[in-house]
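Here's the structure we're looking at; comments come further down.
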Amino acid sequence: MMTPSDAQLQQAYQLAKERYAAIGVDTDVALAQLSTIPISLHCWQGDDVGGFEDPNRGLGGGLMATGNYPGKAHTADELRSDLDMAYGLIPGQHRLNLHAIYLEAPHKVERTDIRPEHFAGWVDWAKANGHGLDFNPTLFSHPLADDGFTLSHADPGIRQFWIDHCIATRQIGAYFGRELGTACVTNIWIPDGYKDTPADRLAPRERLKSALDAILTEKLNPQHNLDAVESKLFGIGSESYVVGSHEFYLGYAITNRTLLCLDSGHFHPTETIADKISSTLLYLDELLLHVSRGVRWDSDHVVTWNDELGAIMQEIVRGDFLKRVHIGLDFFDASINRIAAWVIGTRNALRALLAALLEPRLLLRSYEHDGNFATRLALMEEIKGLPFGAVWDFYCHQHNVPVGVAFMDDIAAYEKMILAQRR
Ligand code: RNT
Ligand code: ZN
Numbered sequence: 028m029m030t031p032s033d034a035q036l037q038q039a040y041q042l043a044k045e046r047y048a049a050i051g052v053d054t055d056v057a058l059a060q061l062s063t064i065p066i067s068l069h070c071w072q073g074d075d076v077g078g079f080e081d082p083n084r085g086l087g088g089g090l091m092a093t094g095n096y097p098g099k100a101h102t103a104d105e106l107r108s109d110l111d112m113a114y115g116l117i118p119g120q121h122r123l124n125l126h127a128i129y130l131e132a133p134h135k136v137e138r139t140d141i142r143p144e145h146f147a148g149w150v151d152w153a154k155a156n157g158h159g160l161d162f163n164p165t166l167f168s169h170p171l172a173d174d175g176f177t178l179s180h181a182d183p184g185i186r187q188f189w190i191d192h193c194i195a196t197r198q199i200g201a202y203f204g205r206e207l208g209t210a211c212v213t214n215i216w217i218p219d220g221y222k223d224t225p226a227d228r229l230a231p232r233e234r235l236k237s238a239l240d241a242i243l244t245e246k247l248n249p250q251h252n253l254d255a256v257e258s259k260l261f262g263i264g265s266e267s268y269v270v271g272s273h274e275f276y277l278g279y280a281i282t283n284r285t286l287l288c289l290d291s292g293h294f295h296p297t298e299t300i301a302d303k304i305s306s307t308l309l310y311l312d313e314l315l316l317h318v319s320r321g322v323r324w325d326s327d328h329v330v331t332w333n334d335e336l337g338a339i340m341q342e343i344v345r346g347d348f349l350k351r352v353h354i355g356l357d358f359f360d361a362s363i364n365r366i367a368a369w370v371i372g373t374r375n376a377l378r379a380l381l382a383a384l385l386e387p388r389l390l391l392r393s394y395e396h397d398g399n400f401a402t403r404l405a406l407m408e409e410i411k412g413l414p415f416g417a418v419w420d421f422y423c424h425q426h427n428v429p430v431g432v433a434f435m436d437d438i439a440a441y442e443k444m445i446l447a448q449r450r
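The sequence shown: position 205 = 232 (our numbering), numbered continuously.
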């Protein structure tokens, strides 16, 4: 595909810079700021949430990755190679979000027995490439999760198993933070819930609350590990009741000073997480976002630059929340090239973020303050047509990643050389 020349990119950027300057926006400042914001890429897009614990185990917990596009990663080395490819096509320096089932061990390790050494390969790689790491206990795809309950299980032995798994996970999170010099966000999501109407909605929530208390008893240095909890509205097989609802975790996070994880695919279809950011941050120190895209029954389509994504990034920037919001991605599409899914989704998140940084915030606020809502609306609509693309292209060029859709050429070449050779 044709890429614009260096001179064309410079020229287009200069013109765009002048247009933005006319409304009081400094594009150089916006680009400098964008380059400091890490996005946490989710490792599980690379292998359909399979992990390396048990190659024969299917995906559980009401999660589903549909499609069978060839070339998925089967080993940690393959996954790291695919990730290197993806990061190389995304401008900026970004993080990796790992799940416990992505451990590396010569023989089977029970979830309660995972230790830092099983993730040393990831730490070496992260150090070499300047990635921070985030982490998640895996409370699905396991025989003890097959009946749909984990931390809220009625059986105390099963509950304890999952508590022990989460405790081990936090220790590994702290190890990531210590080794890499950047706090790991360890996020707990559980699939627990009922397919059909429960008779008792309270008891499982009481059990979940005390299980979380047990997991979080040990205070860890927040410079090493930060804990987050993630709610959901419903999943496949938990249509009627989810133990870890939004209200449950909102209350838990505020009371226990953990982070709250807002997954954009985990609410009613017309309810967006953008509007939840300024409210929850009045009561919480920090948030974790799982930026995703819900489509009908699925909460995990590749992130596109839609109005919802735009609104999420606007809220983070307008509220001056960049230091308090950890931006992670969460989607899994097995029907297209998996590396392309990462790159498209992450570039979209960054583009929406850049658009938010290029907003004439002060001007919009002053119209609002003066009650001049027509001009506020007019300006909001006009800025959609400003030469954003020239600024984004220039950013990609600055960061030595392909400009425009040319990144697909690199992915196609990698697919031919590497992915097509995999079984
Ligand atoms: C599931 C949650 C959770 C998972 C990952 C794999 O609905 O969104 O974040 O997607 O843990
Ligand atoms: Zn999620």
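Every residue, glycine too, gets a C-beta built ideally from N, C-alpha and C.
Exposure of M112, with buried meaning 16 or more beta-carbon neighbours within 10 Å: Here the question's residue 112 lines up with position 85 in the sequence shown. With 16 or more other Cβ atoms within 10 Å, it is buried.
Rank F434, F421, N248 and T139 by C-alpha distance to the C-alpha of T373 and give the top, closest one. Position 346 of the sequence shown holds residue 373. Cα-wise, what sits closest to T373 is F434.
Can you give me the start and stop residues for the alpha helix (DSSP H) that C193 sits inside? Numbered from 1 along the sequence shown, position 166 holds the residue referred to as residue 193. Counting along the chain, the alpha helix (DSSP H) containing C193 begins and ends at P183 to L207.
Per-residue burial, T297 [other beta carbons within 10 Å of its own, 16 or more giving buried]: In the sequence shown, counting from the first residue as 1, residue 297 sits at position 270. Exposed, because fewer than 16 other Cβ atoms sit within 10 Å of the Cβ of T297.
Touch test, the stretch 159-166 against the stretch 121-141, Cβ-Cβ under 8 Å, three pairs minimum: yes
Own chain partners of A451 with C-beta closer than 7 Å, once the 5 adjacent residues on each side are dropped: Past the edges of the chain, shown from 28 to 450, lies residue 451, and the structure says nothing about it.
Just the residues with CB closer than 5 Å to a heavy atom of the ligand ZN, in chain order, which are they? D290, H317 and D357
Check whether the Cβ of N283 lies closer than 7 Å to any heavy atom of the ligand RNT, and answer yes or no. Taking the sequence shown and counting its residues from 1, one reaches residue 283 at position 256. No, Cβ of N283 sits at least 7 Å from all heavy atoms of the ligand RNT.
How about G355 and L315: are their beta carbons less than 8 Å apart? Reading the sequence shown from its first residue, position 328 is the one you call residue 355. Reading the sequence shown from its first residue, position 288 is the one you call residue 315. It is a contact, given that the beta carbons lie within the stated cut-off.
Helix, strand or coil for N156? Go by DSSP, reduced to three states. Taking the first residue of the sequence shown as position 1, residue 156 is located at position 129. Reduced to three states, the DSSP call for N156 is helix.
Taking DSSP as the reference, what is the three-state secondary structure of H317? Mapped onto the sequence shown, residue 317 falls at position 290. Strand.
Could you have a look at E257 and say whether DSSP puts it in helix, strand or coil? As a working mapping, residue 257 is identified with position 230 in the sequence shown. DSSP places E257 in strand when its eight states are reduced to three.
Does any residue of chain B bring its CB to less than 8 Å from the CB of H317? Included in the structure is just one protein chain, with no chain B present.
Which word fits M444, buried or exposed, when buried means at least 16 other C-beta atoms lie within 10 angstroms of its C-beta? Here residue 444 refers to the residue found at position 417 of the sequence shown. Classification for M444: exposed.
On the DSSP bridge list, what partners appear for V484? In the structure displayed, the chain extends from 28 to 450; residue 484 sits before or after that span and is not available.
Going by the C-beta, is E80 closer than 7 Å to any heavy atom of the ligand RNT? Translated into the one-based positions of the sequence shown, residue 80 becomes position 53. Not so, every heavy atom of the ligand RNT lies at least 7 Å from the Cβ.
Using DSSP bridges, identify the partner residues of H353. Stepping through the sequence shown from its first residue, residue 353 is reached at position 326. Answer is L315, bridged to H353.
Limits of the alpha helix (DSSP H) - the one that S237 falls within: Position 210 of the sequence shown, counting from 1, holds the residue named residue 237. S237 -> alpha helix (DSSP H) spans L229 to I242.
Is the beta carbon of V318 sitting closer than 8 Å to the one on I343? On the sequence shown, position 291 is the one that residue 318 refers to. On the sequence shown, position 316 is the one that residue 343 refers to. No, the Cβ-Cβ distance between V318 and I343 is not below 8 Å.
Tell me the start and end of each unbroken alpha helix (DSSP H) in the stretch 342-393 that is at least 4 residues and wholly inside, in chain order. 365-384
Could you tell me how far apart the beta carbons of S62 and G119 are, in whole angstroms, since I believe they sit closer than 8 Å? Walking along the sequence shown from the start, residue 62 turns up at place 35. Walking along the sequence shown from the start, residue 119 turns up at place 92. Indeed they touch by this definition, with Cβ atoms about 5 Å apart.
Take D191 and list the residues in its own chain whose beta-carbon comes closer than 7 Å to its own, dropping the five residues that flank it on each side. The sequence position of residue 191 within the sequence shown is 164, counting from 1. Closer than 7 Å at Cβ, skipping near neighbours: T139.
Suppose contacts are defined by Cβ-Cβ distances below 8 Å. Is V52 in contact with P414 by that definition? Within the sequence shown, the letter at position 25 stands for residue 52. Within the sequence shown, the letter at position 387 stands for residue 414. Not a contact, by the Cβ cut-off of 8 Å.
Roughly how many angstroms separate the alpha carbons of P225 and L311, rounded to a whole number? In the sequence shown, the residue the question calls residue 225 occupies position 198. In the sequence shown, the residue the question calls residue 311 occupies position 284. Answer to the nearest angstrom: the Cα atoms are 31 Å apart.
What span of residues does the beta strand (DSSP E) with T213 cover, start to end? Translated into the one-based positions of the sequence shown, residue 213 becomes position 186. C211 to I215 is the span of the beta strand (DSSP E), which, as asked, contains T213.
Do you know how far the Cα of E408 is from the Cα of I304? Residue numbering aside, residue 304 sits at position 277 when the sequence shown is read from its first letter. Residue numbering aside, residue 408 sits at position 381 when the sequence shown is read from its first letter. If I take the Cα positions, the gap works out to 23 Å.
Provide the residue(s) that pair with L36 in DSSP beta bridges, ordered along the chain. Residue numbering aside, residue 36 sits at position 9 when the sequence shown is read from its first letter. None; L36 has no bridge partner.
Quick one: any contact between the stretch 204-223 and the stretch 252-267, if contact means 3 or more CB pairs under 8 Å? yes
Contact under 8 Å by Cβ, I217 with L178: Stepping through the sequence shown from its first residue, residue 217 is reached at position 190. Stepping through the sequence shown from its first residue, residue 178 is reached at position 151. Yes, the pair counts as a contact, with Cβ atoms nearer than the cut-off.
Integer-rounded CB distance, given that G175 should sit under 8 Å from G220: On the sequence shown, residue 220 is found 193 positions in, with the first residue counted as 1. On the sequence shown, residue 175 is found 148 positions in, with the first residue counted as 1. Contact flag correct, Cβ pair sits at about 7 Å.
Under the criterion of a Cβ to heavy atom distance below 7 Å, does G262 qualify as lining the ligand RNT? Residue mapping note: residue 262 aligns to position 235 of the sequence shown, counting from 1. For the ligand RNT, at least one heavy atom lies less than 7 Å from the Cβ of G262.
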